[in-house]
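Take any residue in the sequence shown, count from 1 to its spot, add 89: that is its number in my numbering.
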Amino acid sequence: MQFFIDTANIEEIKKYARMGIIQGVTTNPALIAKDCTGCADLKGVIKEICSIVNGPISAEVISTDTKGMVKEARMLSKLHKNIVVKIPAVPDGFAAADVLSREGIKTNVTILYTANQALVAAKVGATYVSPFIGRLDATSTDGIGLIDEIVRIYKNYGYKTKIIAASMRNPIYVKKAALSGADIATIPPDVLNQMMRSELTELGLKGFLDEWAKMPEKVRTCFTKGR
Ligand code: E4P
90 MQFFIDTANI
100 EEIKKYARMG
110 IIQGVTTNPA
120 LIAKDCTGCA
130 DLKGVIKEIC
140 SIVNGPISAE
150 VISTDTKGMV
160 KEARMLSKLH
170 KNIVVKIPAV
180 PDGFAAADVL
190 SREGIKTNVT
200 ILYTANQALV
210 AAKVGATYVS
220 PFIGRLDATS
230 TDGIGLIDEI
240 VRIYKNYGYK
250 TKIIAASMRN
260 PIYVKKAALS
270 GADIATIPPD
280 VLNQMMRSEL
290 TELGLKGFLD
300 EWAKMPEKVR
310 TCFTKGR
């Protein structure tokens with residue numbers, strides 16, 4: 090499973106890119122509005138993200154009609170070779186994704202809530218679909234169940250469209266998406282951070298170091314001397 094980071098925050102992107110655990114980035118208008126309010130040059134922000142992570146970088150259109158989406162998508166795709174254009178899963182969006190996939194522009198059909206939307210996205214040649222699992226759960230609908238359905242449908246017909254499990258609220262979502270066979274999870278920085286932690290690990294580590302501290306100093310320094 091690949092991990093993308095779900096943020097437009099440059100510092101967070103740099104931090105997790107340095108750790109080597111992310112292979113791509115997803116942004117959306119709300120994330121850009123949150124992290125880039127003071128930025129004069131939004132295209133520059135997207136280019137900077139592309140310079141940090143050498144993988145798929147999703148940037149979303151804000152038009153709501155096919156013509157406008159296609160125009161914005163062409164502009165966004167020219168910013169960098171790794172740009173993937175996020176298109177909302179609405180009728181105009183599917184029409185736009187169809188035009189764009191014929192032009193070789195990569196698309197990520199987003200804000201997606203049903204298996205049928207995922208099926209249509211695959212038919213128009215979308216590169217990725219992003220089912221919003223956390224938001225779906227919040228409406229008392231089984232978000233992970235949706236991933237199961239899409240995985241099965243794509244397998245049945247050999248569709249190449251990749252599934253990005255999105256709207257990940259906590260580490261359990263990521264684990265379940267992995268068990269369901271999602272190709273990618275796009276994960277907010279705080280959830281990535283939680284995924285690396287266990288209180289038991291911290292307690293265990295403390296126990297080891299407490300015992301170590303009881304050894305004579307002369308012996309203890311053998312690991313650290315000359316580092
Ligand atoms: C995915 O690409 C979206 O940016 C994101 O996962 C949306 O999730 P939210 O429900 O946290 O806004």
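The beta carbon of each residue, even a glycine, is placed where N, CA and C say it ideally should be.
Item: Got a sec: does ligand 1 put a non-hydrogen atom nearer than 8 Å to the Cβ of Pro42?; Value: Summary: the structure shown does not reach residue 42, with the chain confined to residues 90 through 316, and so no result is reported for it.
Item: Start and end of the beta strand (DSSP E) containing Phe92?; Value: 91-95
Item: How would you write the range of the alpha helix (DSSP H) that Val209 sits in, first residue to last?; Value: 204-212
Item: Closest to Pro118 by C-alpha separation, out of Lys132, Ile110, Arg241, would be which residue?; Value: Lys132
Item: Just confirm the distance between the C-beta atoms of Ala106 and Ile141, as a whole number of angstroms; I'd bet it's less than 8 Å.; Value: 5 Å
Item: With a 10 Å radius around its C-beta and 16 neighbouring C-beta atoms as the bar for buried, classify Ser229 as buried or exposed.; Value: exposed
Item: When you compare the region 229-242 with the region 250-259, are there three or more beta-carbon pairs, one atom per stretch, that lie closer than 8 Å?; Value: yes
Item: With 16 as the cutoff for other CB atoms within 10 Å, does Glu192 come out buried or exposed?; Value: exposed
Item: For Phe221, does the three-state DSSP call read helix, strand or coil?; Value: strand
Item: May I ask you to check if the CB of Asn318 is nearer than 8 Å to at least one heavy atom of ligand 1?; Value: Nothing can be reported for residue 318: it is not among the residues displayed for the chain, which extend from 90 to 316.
Item: Would you say Asp187 and Gly214 are within 9 Å of each other, going by their C-beta atoms?; Value: yes
Item: What separation, rounded to the nearest whole angstrom, lies between the Cα atoms of Ile239 and Gly247?; Value: 12 Å
Item: Flag this pair as yes or no: are the beta carbons of Lys175 and Val134 separated by less than 9 Å?; Value: no
Item: Would Ile110 be called buried (16 or more neighbouring beta carbons within 10 Å of its own) or exposed?; Value: exposed
Item: Report the option in Ala185, Asn171, Tyr243 whose CA atom is closest to the CA atom of Ala211.; Value: Tyr243
Item: With DSSP run on the structure shown, which of helix, strand or coil describes Ile110?; Value: coil
Item: Output the distance between the C-alpha atoms of Asp124 and Thr96, rounded to the nearest integer angstrom.; Value: 8 Å
Item: For Thr155, which of helix, strand or coil comes out of DSSP?; Value: helix
Item: When burial is assigned at 16 or more other CB atoms within 10 Å of the CB, is Ser269 buried or exposed?; Value: buried
Item: Provide the residue(s) that pair with Thr199 in DSSP beta bridges, ordered along the chain.; Value: Pro177
Item: Closest to Gly223 by CA distance: which of Arg309, Asn259, Thr203, Thr199 is it?; Value: Asn259
Item: Around the C-beta of Val308, are 16 or more other C-beta atoms found within 10 angstroms, so that it is buried, or is it exposed?; Value: exposed
Item: Residues in its own chain within less than 7 Å of Thr153 by CB, not counting five upstream and five downstream?; Value: Asp181
Item: DSSP on Ile236, reduced to helix/strand/coil?; Value: helix
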